[in-house]
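Note that the sequence shown covers residues 703 to 991 in the working numbering. Even glycine gets a Cβ: it sits at the ideal position worked out from N, Cα and C.
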Amino acid sequence: MSFSLPASTTASTTTALATGTATSLLSLTTPFVAPPDCDSLFSTTSIVSSFWWNNYTVTTIGITVSDPTNLRFADCQPAGWDAVVPESRFFFSPAVCPSGWTAYNVAAFTETQRSTSTTVTYASYSTVNTAYCCASDYRLNDMPFTVILANVASNMCVQQMGVTIETLKDQYSFSAPASVRVHNPYHIAWNAADRRTLSPTPPDILTCSAVLVTWVPGASVPPLVCSDGEHSDPGRSAGLKVLFIGVPIILVGAALVCCSLCVHYSSKNRQEERARRERVAETAAVENN
703 MSFSLPASTT
713 ASTTTALATG
723 TATSLLSLTT
733 PFVAPPDCDS
743 LFSTTSIVSS
753 FWWNNYTVTT
763 IGITVSDPTN
773 LRFADCQPAG
783 WDAVVPESRF
793 FFSPAVCPSG
803 WTAYNVAAFT
813 ETQRSTSTTV
823 TYASYSTVNT
833 AYCCASDYRL
843 NDMPFTVILA
853 NVASNMCVQQ
863 MGVTIETLKD
873 QYSFSAPASV
883 RVHNPYHIAW
893 NAADRRTLSP
903 TPPDILTCSA
913 VLVTWVPGAS
923 VPPLVCSDGE
933 HSDPGRSAGL
943 KVLFIGVPII
953 LVGAALVCCS
963 LCVHYSSKNR
973 QEERARRERV
983 AETAAVENN
């Protein structure tokens with residue numbers, strides 16, 4: 703499957719990463735397992751600013767970033783990772799999340815592919831499922847402040863460390879991390895035909911407008927509430943049954959009741975008219991006598 707992603711979601715790169723010429727995305731049909739010593743490939747930086755949770759006093763927050771410029775970093779990625787052009791290295795298709803990782807924001811994505819003939823430009827559309835994968839104990843975009851980091855995408859996997867709960871005078875509570883760890887998510891994609899080649903089998907929500915916020919690979923997918931009715935939830939289906947079945951039955955029943963009342967009152971009126979005519983005839987006969 704060919705799949706392209708908007709350039710705005712790619713990470714910035716350095717000259718140390720500017721190698722690799724392959725433009726095809728790597729595929730991960732089974733969960734990738736990284737070597738155990740890859741957790742040490744982090745570089746440390748910090749941000750110094752004033753935050754509202756510390757009454758806007760100068761605060762230093764340590765940030766530990768997974769460093770793709772490290773010479774050993776490629777050894778901790780799937781085979782062929784460093785042969786891909788830098789802007790596409792964290793995109794995989796068709797693919798599943800690495801072992802032990804969690805998928806976030808599982809949703810349908812429609813891309814437009816244009817081809818030009820001699821006179822007309824044609825647009826074709828294809829829809830795939832996409833998701834972001836974060837390592838265990840990390841959450842997508844769980845950054846407590848705004849920061850731009852080199853070599854890290856705008857969507858980032860974040861682990862808050864040394865979190866403390868503080869309460870202000872107005873009893874408002876908040877969490878304040880002492881430091882955070884960050885790594886680039888794997889942005890994966892698959893279509894309906896890919897599902898049979900992937901293990902564990904990812905969900906298929908191509909016909910659904912809903913977004914699956916989190917999904918642990920291999921877990922069952924809860925019912926999704928969609929706007930197109932393709933995968934509507936039981937409550938919505940029951941409501942539609944009442945609307946399209948119950949209401950007509952009620953209307954037919956009401957019509958039958960109305961008809962019965964019409965027949966009843968019509969018969970009663972005829973009987974009263976006949977009795978009135980008989981009384982008039984009897985009165986006329988008496989007067990003639």
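If we ignore side chains and look at the alpha-carbon of each, how far apart do residue i and residue j end up?
i	j	result
residue 728	residue 739	23 Å
residue 800	residue 737	12 Å
residue 803	residue 901	14 Å
residue 783	residue 750	34 Å
residue 763	residue 854	17 Å
residue 856	residue 849	9 Å
residue 847	residue 891	29 Å
residue 860	residue 918	17 Å
residue 836	residue 780	15 Å
residue 841	residue 777	24 Å
residue 805	residue 833	6 Å
residue 701	residue 843	Lying outside 703 to 991, the shown extent of the chain, residue 701 is not represented and no answer is given.
residue 797	residue 730	4 Å
residue 680	residue 839	Within the shown structure, residues of the chain are numbered from 703 to 991, placing residue 680 beyond reach of any answer.
residue 761	residue 852	21 Å
residue 895	residue 788	28 Å
Excluding five sequence neighbours on each side, which residues of the same chain lie with their C-beta closer than 7 Å to the C-beta of residue i?
i	result
residue 775	743, 769
residue 897	903, 904, 906
residue 772	743
residue 928	910, 911, 912, 934
residue 931	The pLDDT assigned to residue 931 is 49, lower than 50, so where the model puts this residue is not dependable; a value taken from the coordinates is nonetheless given after this. Result list for residue 931: empty, nothing under 7 Å.
residue 767	744, 745, 747, 851, 854, 884
residue 864	879, 880, 881
Take residue i and list the residues in its own chain whose beta-carbon comes closer than 6 Å to its own, dropping the five residues that flank it on each side.
i	result
residue 747	765
residue 786	722, 724
residue 858	884
residue 809	913
residue 862	879, 882
residue 732	901
residue 829	810, 812, 908
residue 866	878
residue 923	905
residue 734	780, 800
With DSSP run on the structure shown, which of helix, strand or coil describes residue i?
i	result
residue 774	coil
residue 922	coil
residue 722	coil
residue 740	helix
residue 788	helix
residue 917	strand
residue 878	strand
residue 892	strand
residue 782	coil
residue 848	coil
residue 959	Confidence in residue 959 is poor, its pLDDT being 37 and thus under 50, which makes the residue's placement unreliable; the coordinate value appears in the next sentence. In this structure, residue 959 counts as helix in the three-state DSSP scheme.
Which stretch, first to last residue, makes up the beta strand (DSSP E) that contains residue i?
i	result
residue 734	Neither: residue 734 is in no beta strand (DSSP E) and is coded neither H nor E.
residue 861	859–863
residue 908	Premise fails: residue 908 is in no beta strand (DSSP E) and is neither H nor E.
residue 797	793–797
What do you reckon, is the C-beta of residue i under 7 Å from a heavy atom of the ligand NAP?
i	result
residue 749	Inclusion of the ligand NAP in the displayed structure is not the case, the ligand content being empty and no account of it being possible.
Counting only the same chain and skipping the five closest in sequence on each side, list residues whose C-beta sits under 8 Å from that of residue i.
i	result
residue 831	808, 809, 810, 811, 891, 892, 893, 904, 905, 906, 907, 908
residue 845	858, 860, 882, 884
residue 920	902
residue 964	Summary for residue 964: the model assigns pLDDT 42, below 50, so the residue's position carries little reliability; its value from the coordinates is reported in the next sentence. So no residue of the chain qualifies.
_Quick check: the stretch 879–892 against the stretch 784–796, are at least 3 beta-carbon pairs closer than 8 Å?_
yes
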